[in-house]
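*Asks:* Protein chains in written order, with our numbering: chain A, 40 to 495; chain B, 6 to 100. Heads up, the beta-carbon is just placed ideally off N, CA and C, and yes, glycines get one too. Handing you this structure, nothing more for now.
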Amino acid sequence: MASTNSSPFGVAIVPATGASSVPTVQDERNTYTLWGWTWTEATANPVYNQAGPELKPPASSYVITSPDIHGDTEGDDVWANLQAYRRRTSGNAGYLQRAKGWRDYYVNSFENSPEQGNDENFLFDHFYGWGLQQYGTLQGDAGAQAEALRICTTLHDWWAAGGRTGPGQTWPTPGVFDIAHYGHRGPARNLHTAAVVADATGDAKAVELRDRLIDLWLQSPDWQAMPGGMGMYWVSSDQMGFYNVAPPLDFNKGDRAVSSFHIGQLAEAFFACWLSPTVTQARKTALRAKIVAMATYMRANGLDPDARYSSDTLGILGSGGAWWNYSLGLNRPIPTSTSWDGSYTVSIVNLLVMGYKFTGDSTFLTGDPPAGTTSGPYSAKYCFNRGTKNVFGSMTLRESGPDGQTAPAGGNENVAWHFVDTRFDSSSGNVYLYNNKGELQYTYLIFENGGAPTLL
Amino acid sequence: MAQTSSAPFSVGIVNLPPVWTTVPTIAFVQGTPSTISIAAFASDPNGDALTITKNSAALPAGVTYDQANKRFVYDGVGGVGSTSGNVLTADDGKP
Numbered sequence: 040m041a042s043t044n045s046s047p048f049g050v051a052i053v054p055a056t057g058a059s060s061v062p063t064v065q066d067e068r069n070t071y072t073l074w075g076w077t078w079t080e081a082t083a084n085p086v087y088n089q090a091g092p093e094l095k096p097p098a099s100s101y102v103i104t105s106p107d108i109h110g111d112t113e114g115d116d117v118w119a120n121l122q123a124y125r126r127r128t129s130g131n132a133g134y135l136q137r138a139k140g141w142r143d144y145y146v147n148s149f150e151n152s153p154e155q156g157n158d159e160n161f162l163f164d165h166f167y168g169w170g171l172q173q174y175g176t177l178q179g180d181a182g183a184q185a186e187a188l189r190i191c192t193t194l195h196d197w198w199a200a201g202g203r204t205g206p207g208q209t210w211p212t213p214g215v216f217d218i219a220h221y222g223h224r225g226p227a228r229n230l231h232t233a234a235v236v237a238d239a240t241g242d243a244k245a246v247e248l249r250d251r252l253i254d255l256w257l258q259s260p261d262w263q264a265m266p267g268g269m270g271m272y273w274v275s276s277d278q279m280g281f282y283n284v285a286p287p288l289d290f291n292k293g294d295r296a297v298s299s300f301h302i303g304q305l306a307e308a309f310f311a312c313w314l315s316p317t318v319t320q321a322r323k324t325a326l327r328a329k330i331v332a333m334a335t336y337m338r339a340n341g342l343d344p345d346a347r348y349s350s351d352t353l354g355i356l357g358s359g360g361a362w363w364n365y366s367l368g369l370n371r372p373i374p375t376s377t378s379w380d381g382s383y384t385v386s387i388v389n390l391l392v393m394g395y396k397f398t399g400d401s402t403f404l405t406g407d408p409p410a411g412t413t414s415g416p417y418s419a420k421y422c423f424n425r426g427t428k429n430v431f432g433s434m435t436l437r438e439s440g441p442d443g444q445t446a447p448a449g450g451n452e453n454v455a456w457h458f459v460d461t462r463f464d465s466s467s468g469n470v471y472l473y474n475n476k477g478e479l480q481y482t483y484l485i486f487e488n489g490g491a492p493t494l495l
Numbered sequence: 006m007a008q009t010s011s012a013p014f015s016v017g018i019v020n021l022p023p024v025w026t027t028v029p030t031i032a033f034v035q036g037t038p039s040t041i042s043i044a045a046f047a048s049d050p051n052g053d054a055l056t057i058t059k060n061s062a063a064l065p066a067g068v069t070y071d072q073a074n075k076r077f078v079y080d081g082v083g084g085v086g087s088t089s090g091n092v093l094t095a096d097d098g099k100p
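Dropping the structure here:
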């Protein structure tokens, strides 16, 4: 008889960590109750009862065709739709369809599509593997697991050949390599993928990539420790120039810049590593310290004190003080600016919750700025409220109705007008979650244990 | 021109052995009963149906191999653990 053996492989049961599950919609309801907020059940579940063809479940399937992975995605859409599905017990079939649609795209098309090569030209900064890995383990899908491992292996081999300094080189050197040079999201997403794949498979390349990227981050010269327990990774002078902040910033004079949602991505990656059962205690201790320092910075300086939104980019001035994009020069006074995007404010919610979980300091979690001032500290709940009710292009209008109605600020802010995975953006072709494709990915921790996250 | 013919012969199809792609670590999440199919990792160039058997390597407690359905099954009860050296054999039933 004609027969062939497979290569040897492992079989594992892995822990159900925070990296593989998020709080449920019931936790979200309980959180709003704890805060004294109101909502209507129609806004919570099921999302697909809402009007609008893009919000209804497809008739038979949801197929991803020719996505612009680098240009349009800003989160792991397998992960987002899988978690939206899993946090509900009903009204969730459409989410699973979408998760599978993205899973099918990655498993069947991504490797041989132009998208992989195109993103390689951008240093793999939109490469996602953790959602595929979790889809594989949670849905019992070996094909998804295999594609996650392939993506992780591709990243490993690229970094092992020098990363952005390669090919033909070797691993970058910790302490010398400025890993945040072109922004944080690429190496943060690479680390997140490696951490989740390593936990699920124990694959040697995944473990090596994870640990080497942790060390590159922990020892990066991009890190700046600041008074008051604050710290931040800043981008290079090159990248700061790309941000086109007006008037121009000057790296040589001590001006520094960071993207708020890049920090959100990095926090998720660091947290996944901290949760891993196989990361060394020394690395975990250092990761924890970095998370707390970044959270401390954002608690003090995350929002523009006038607009009370976090802009896409923000930072410090060498001459003293902090800045937020559009807060310098040309766009003052703020109400005249029409290009402000308050959605970035949600990007730092989970980071602030992590600050609470690691310290027990409740000012990371809840509370408003002191009476009579709009300066910090800015808590996770405050940023959540500001960000989820923002209106694109306006610093004065606020979301004020269940179907996205808006009204001038001053109305009732103690209402959840929508739940974090029930608004969508289909302007670029495929259906993505609302608010920079990320309300769920950046805020889920605040719902842990019904708004009372556990301390770590 | 003299013409010659070969002796009559029959055209047969050569039976090729099954082909495997790399099987990744099969991972289950503790506490979540689930199954993972391995059928997609083996194929037969002739399109023959395959029987897939597993060697005697131990599996983590709570995990079994379901030969009839070509899948691993986790009962959701077994604790965290892992085993290695698992090998599957694909047989097309033809010489």
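1. Please decide whether A:A243 counts as near chain B, where near means a Cβ-Cβ distance under 8 Å.
2. Give a yes or no on whether the minimum CB-CB distance between B:V19 and chain A is below 8 Å.
3. Under 8 Å between C-beta atoms, does B:T69 make it to chain A?
4. Using alpha carbons as the reference points, say which of A:G341, A:D116, A:N488, A:N151 lies closest to A:D464.
5. Below 8 Å, how does it come out for the region 198 to 216 of chain A and the region 268 to 283 of chain A: are there three or more Cβ pairs, yes or no?
6. Using a C-beta to C-beta distance shorter than 7 Å, which residues of chain B count as neighbours of A:N151?
7. Given this structure, state the Cα-to-Cα distance separating A:V470 from A:F458, to the nearest angstrom.
8. Let me see if you follow: with CB-CB separation under 8 Å, is A:A233 close to chain B or not?
9. Name the chain B residues that come within less than 7 Å of A:T240, Cβ to Cβ?
10. A:L194 versus chain B: which residues are under 7 Å apart at the beta carbon?
11. Which residues does DSSP list as the beta-bridge partners of A:M271?
12. Who are the neighbours of A:A185 on chain B, taking C-beta pairs under 9 Å?
13. Assuming A:H165 contacts A:T112 under a Cβ cut-off of 8 Å, what Cβ separation, rounded to an integer in Å, is found between them?
14. Residue range of the beta strand (DSSP E) that A:L288 falls in?
15. Just curious, the alpha helix (DSSP H) that A:N451 is in, first and last residue?
16. Give the DSSP-derived three-state secondary structure of A:Y71 in the structure shown.
17. On the DSSP bridge assignment, give the partners of A:T445 in chain order.
18. Is A:R462 helix, strand or coil when you go by DSSP?
19. Does the region 281 to 298 of chain A touch the region 344 to 360 of chain A, meaning 3 or more C-beta pairs lie closer than 8 Å?
20. Can you tell me the Cα-Cα spacing of B:D80 and B:G67, whole angstroms?
21. Report buried or exposed for A:M333, applying the criterion of at least 16 other Cβ atoms within 10 angstroms of its Cβ.
22. Flag this pair as touching only if the region 221 to 229 of chain A and the region 243 to 257 of chain A have three or more C-beta atom pairs under 8 Å; answer yes or no.
23. Secondary structure at A:E93, three-state DSSP: helix, strand or coil?
24. Skipping 5 residues on each side, what residues in its chain have a beta carbon closer than 6 Å to that of A:G91?
25. Check each candidate in B:Q35, B:T26, B:T37 and name the one with the smallest Cα separation from B:I43.
26. At the 8 Å Cβ level, is A:A181 part of the contact set with chain B, yes or no?
27. Throw me the rounded Cβ distance for the A:P416 and A:R338 pair, which I believe falls under 8 Å.
28. Going by C-alpha distance, which of B:R76, B:D71, B:G90, B:T56 is nearest A:S42?
29. Which residue from A:S386, A:W262, A:W379 puts its Cα closest to that of A:Y483?
30. Among A:T63, A:A81, A:N44, A:V102, whose alpha-carbon lies nearest the alpha-carbon of B:D49?
31. How long is the line joining the alpha carbons of A:R322 and A:V215, rounded to whole angstroms?
32. Excluding the 5 residues preceding and the 5 following A:A138 in the sequence, name in chain order all residues of the same chain whose CB lies nearer than 7 Å to its CB.
33. Given a threshold of 16 other Cβ atoms within 10 Å of its Cβ, counted over all protein chains shown, does A:Q513 qualify as buried or as exposed?
34. Along chain A, in chain order, which residues have C-beta atoms closer than 7 Å to that of B:D80?
35. Under three-state DSSP, which class holds A:R142?
*Replies:* Judging by the given coordinates:
1. Put simply, the CB of A:A243 is far from chain B, with every gap to its CB atoms at 8 Å or more.
2. Under the Cβ criterion of 8 Å, B:V19 is not counted among the residues facing chain A.
3. B:T69 does not count as touching chain A.
4. A:D116
5. no
6. By Cβ distance, chain B contributes nothing, its closest Cβ being about 15 Å from A:N151, past 7 Å.
7. 17 Å
8. no
9. P29, T30, A32
10. Within chain B, no residue comes near A:L194; the closest Cβ sits about 16 Å away, beyond 7 Å.
11. A:Q263
12. T26, T27, V28, P29, A45, F46
13. A:H165 to A:T112, Cβ: 6 Å. Contact.
14. No beta strand (DSSP E) holds A:L288; DSSP gives it neither H nor E.
15. A:N451 -> no alpha helix (DSSP H), and no H or E assigned at all.
16. Helix at A:Y71.
17. A:E438
18. coil
19. yes
20. 5 Å
21. buried
22. yes
23. Confidence at A:E93 is low in this model, with a pLDDT of 48, below 50, so its placement is unreliable and no value can be given for it.
24. For A:G91, the predicted structure reports a pLDDT of 43, less than 50, and the residue's modelled location is therefore unreliable. A value from the coordinates is still provided. Excluding sequence neighbours, A:G91 sits near nothing in its chain.
25. B:T26
26. For A:A181, the closest Cβ of chain B is nearer than 8 Å.
27. 5 Å
28. B:T56
29. A:S386
30. A:N44
31. 18 Å
32. V117, N120, L121, Y124, Y174
33. Only positions 40 to 495 of chain A appear in this structure, which leaves residue 513 of chain A out of reach.
34. By Cβ distance, chain A contributes nothing, its closest Cβ being about 10 Å from B:D80, past 7 Å.
35. helix
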